[in-house]
Amino acid sequence: MKASIVIGALCCQTVLAQKAPTENDYYKIVRMAIPEGITLEVGGLVSLPNGDVAVSTRRGDVYIIENYLSPKPTYRKFASGLHEILGLAYKDGYLYCAQRGELTKLVDLNGDGKVDKYQTIYSWPISGHYHEYSFGPKIGPDGSFYVTGNVGFGNSDWWAGKSLVPWRGWTMKISADGKMEPFAAGMRSPCGIGMVDGEFFYGDNQGDWQGSGFISHVEKGDFLGHPASLKWADRPESPVKMRKEMVFAQVDPKDNPFVKPEYVKENAMTTIYELGKKTYPNMGIKSPAVWLPHGIMGVSTSEIITDETKGEFGPFAGQVFVGDQGMSKIARVFLEKINGKYQGASFEFRSGFRSGVLRMAWGKDQQMLVGGTNRGWGSVGSEDYGLERLVYTGKIPFEMQAIRAMVDGFEIEFTQPANKKLAEDVNNYEVFNYTYKYHPVYGSPMVNRKDNAVRGAKLSENGLRVRLVIDGMREGYVHAIKPDGVLSAQENIPLLHSSGYYTLNQIPAGEKAAIPLVTPKRKPSKDVIDAGDKVNTPDNQTKEAGPKKTAAKQIVSDKEAMALLTKNTCLACHKVNERAVGPAYTEIAKRKYSVAQLVSLIKEPKPQNWPDFATPMAPMNHVPQKDLEKIATWIQALGNK
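Plus 86 on top of the position in the sequence shown (first one is 1) and you've got my numbering.
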């Protein structure tokens, strides 16, 4: 928030002198003790009816934790010898887990607290590829199990996902008696799955064909975007009507080095939403319910759980929490249905977990259990694994509780009454919209950005809801909504998280707001991620670069560098002085690379240069050349400081 806005609006009351609230004031992270000798790389996490907690590990063990709220909980090994357990569920007195190649029921025959029988419910093919993870199960209202399969990756084109054996990149629906039906396709890395109001949702993260992370409602026959799984779509048991050649036919050939010429179509559509509306009846790509902007909400989507605590966990009852493994954080999602389709807003919620957040569950005290791991994947949280509790302190944060779409704009609901004068000043809001490219390149920048002028703002009598009238709403686009000049009415504190990202799949019908319209004076911020940059294809590299400059002679300030690193989501994986998913910039500077070498390594990373980092860096070819040169110049200069 700009000091001039605050001071002017409050007649020089000293708000800035107050200590700004932090996430920890409202939700505290409490470490749970793990006995020496137990490597608790959490892959699955579930609460049991008796109040105990069951935890599965990536190393193939299952533990029952008794008295988990005590300083010294008891860990009892329930099962062992399983293969990379990445999900755990409880049903009718039994635990179920997804191993690499099967859904397994864990049976204690004699009641001694240890598994006596590992019963295969259903098994599926595996090729042995490292990335063929299997996630789940989640249990549907009819008692069936949902399991998802990660694609593999080829050795020659590391970032291109491949479905090497049947049902990789699919959701499988499995009955209790072991009958499997392929349910939906198009998944790349479907670690995040969950049930929301009895309906199946899945989350994916940025990668090839996935511009950013997201969560999506999944129905039988859906195609979610990644074409590798369509290798098996023509099988008689497949409900998916989309075919691989249809995907390639719709994508701009400039963005697709792997596309065969016969699949190229003129005037190709390039957003997932537009593809979802194309002319193939009952086919197409299902657009995400909510996008999770890369590097802001996270980089590696994990668990999806609904707040079923009825207010025991704070003011977000009924909303969805989404974990992120790479950035060791949790996002919050508000969902609504418009014209039968899910859409809604994502918000930052809580960061600072000690390892990569992979699984979450509700404990018997109605607080959140959070299990983490980072082996082979890397995370901002520096520890290899961890089990923590996220505990609500009872204080209500000043937050955007919800954002709802309106026919002529949006309605923001706050958790506390807002300052009326500030909330009705259109200059205290920034709104812009953008989308992502749909292409086989790893990830996407924010593209086709347009600013939305806020023309009117009206606060409700109770101060909890403000109706915004904006220009230029676009279906199929993410709308970034930033009321960063609004303060709470009672304490005059800013929003704990001042940005929300609403995925507008449908503009609802309804009456327009009866609000006097004005012309805002505020200019769009230049410090936010600029979603309008051109994709750095060979056709525009020369135009973007402009006249030749000697990059080494440029001076790039820390402020300018931070803006560029934020804009291009570099800070999602790198910090200036600390190790994160990737090396610190100060460590990179010690290598004494030239600016040209740094630019080349950002475009085409060499993971072998950093063998002690588990997660290879993705090629960043989409970053504009001028940004690359400035970032490289700044990194090089760190070596002289």
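Heads up, the beta-carbon is just placed ideally off N, CA and C, and yes, glycines get one too. Keep in mind it's a predicted model, so treat the numbers as computed, not measured.
Query	Result
Residue 659 versus residue 717: straight-line alpha-carbon distance, rounded	15 Å
Three-state class that DSSP yields for residue 332 in the structure shown	helix
Helix, strand or coil at residue 519 [DSSP, three-state]	strand
Nearest neighbour of residue 534, chosen from 678, 548, 518, 549 [CA to CA]	518
Backbone CA spacing between residue 253 and residue 318 [nearest angstrom]	7 Å
Beta-carbon contacts of residue 457 that lie in its chain and below 7 Å, excluding the five residues immediately before and after	128, 131, 141, 444, 445, 473
Straight-line Cα distance separating residue 164 from residue 149	5 Å
Same chain only: Cβ atoms within 6 Å of residue 542, ignoring 5 sequence neighbours per side	555, 601, 603
Helix, strand or coil at residue 659 [DSSP, three-state]	coil
Uninterrupted alpha helix (DSSP H) stretches inside the segment 462 to 515 (no shorter than 4 residues)	506 to 509
Secondary structure of residue 398, DSSP reduced to three states	coil
Extent of the continuous beta strand (DSSP E) to which residue 537 belongs	532 to 538
Three-state secondary structure assigned by DSSP to residue 550	coil
Cα-Cα separation between residue 453 and residue 679, rounded to whole angstroms	48 Å
Residues sharing a beta bridge with residue 188, DSSP	209
Residue 388 - containing beta strand (DSSP E), residue span	387 to 392
Proximity of residue 401 and residue 482 at Cβ, strictly below 8 Å	yes
Cut-off 6 Å between Cβ atoms - residues of its own chain near residue 719, not counting five sequence neighbours on either side	637, 640, 642, 681
Chain-order list of residues whose beta-carbon lies under 8 Å from that of residue 544 (same chain, five-residue window excluded)	510, 552, 553, 599, 601
Residue from 690, 663, 328, 297 with nearest C-alpha to residue 721	663
Residue 220: first and last residue of the uninterrupted beta strand (DSSP E) it sits in	220 to 225
Under 8 Å between C-beta atoms of residue 227 and residue 289	no
Beta-carbon spacing of residue 496, residue 567 below 8 Å	yes
Cβ shell of residue 251 (< 6 Å), same chain only, five flanking positions each side left out	211, 213
Residue 377 - DSSP class collapsed to helix/strand/coil	strand
Supposed contact pair residue 563 and residue 431 - C-beta distance, whole angstroms, cut 8 Å	At roughly 13 Å, the Cβ-Cβ gap does not stay under 8 Å, so residue 431 and residue 563 are not in contact.
Under 8 Å between C-beta atoms of residue 524 and residue 532	no
Presumed contact (8 Å Cβ cut-off) between residue 257 and residue 234, rounded CB distance	5 Å
Contact test: residue 498 Cβ vs the ligand PLP heavy atom, cutoff 7 Å	Only the bare structure without any ligand can be found here, which leaves the ligand PLP out of the picture.
For residue 440, the nearest candidate out of 178, 411, 305, 582 (CA to CA)	411
Residue 612 classed as buried or exposed, judged by whether at least 16 other C-beta atoms fall within 10 angstroms	Residue placement at residue 612 is poorly supported in this model, since its pLDDT is 49, which falls under 50; the coordinates are not used for a value here.
Residue 449 beta carbon less than 8 Å from that of residue 490	no
For residue 589, the three-state DSSP class (helix, strand or coil)	strand
Outcome for residue 516 when other beta-carbon atoms lying within 10 angstroms are tallied against a minimum of 16	buried
Where residue 573 sits in the DSSP three-state scheme	strand
Residue span of the beta strand (DSSP E) that contains residue 416, given as start and end	415 to 424
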